Structure formats: structure tokens, C-alpha cells
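Residue numbers (my numbering): 14 to 106.
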């Protein structure tokens, strides 16, 4: 049974709505780790890592953001794939 044009259009709209929500959620997380975390660097710089005598704020902002960005990318890909499969638009390999 082939889908009717209305159900196909409804499917596309629902898929786009879920994709847009996912994208905005991940952009919010990106903004948080890209900008908001760096506002706390100065207070954290008062703490130093004992063995390296390195400011904790700089380390947390530089390394923590990079780790968060990689995790965000992998989570986004996995969640988007699940959305695509749910609405029948996934690309099979």
C-alpha cells in the first residue's frame, strides 16, 4: 500500500519538526560549552593542578570544550539516524 500524498506530507513535516528540535538542542549545548563555560575560567584559574602547576580554568575550558564538541557530534549523528529511521528516510549503507 503506497502512502497518500497527505500522509507523506505529514510524515515530512513531522520529520522536519523533530530534526529542527534536535538541531536547536545541540546548538544550545554547543553554545553552552563554547561560550558559557568560558565565563568561569577566571575563578577556576585560581586553582592550579598540583603536579603541573597549571591553571585549572584554562585546562577545563580548552580541553573540556573540545571533548564536549566531539561527544555532541557523535550524539547528534546517532539521534538523527534514529529520527531518519523512524520516519523512513534513512540512508542504508
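Every residue, glycine too, gets a C-beta built ideally from N, C-alpha and C. Bear in mind that the values here come from a model prediction, so they are computed numbers and not experimental data.
Query	Result
Does DSSP classify residue 85 as helix, strand or coil?	helix
CA-CA distance, residue 61 and residue 77?	16 Å
Are the CB atoms of residue 74 and residue 39 nearer to each other than 8 Å?	no
Per the DSSP calculation, residue 68 is bridged to which residue(s)?	61
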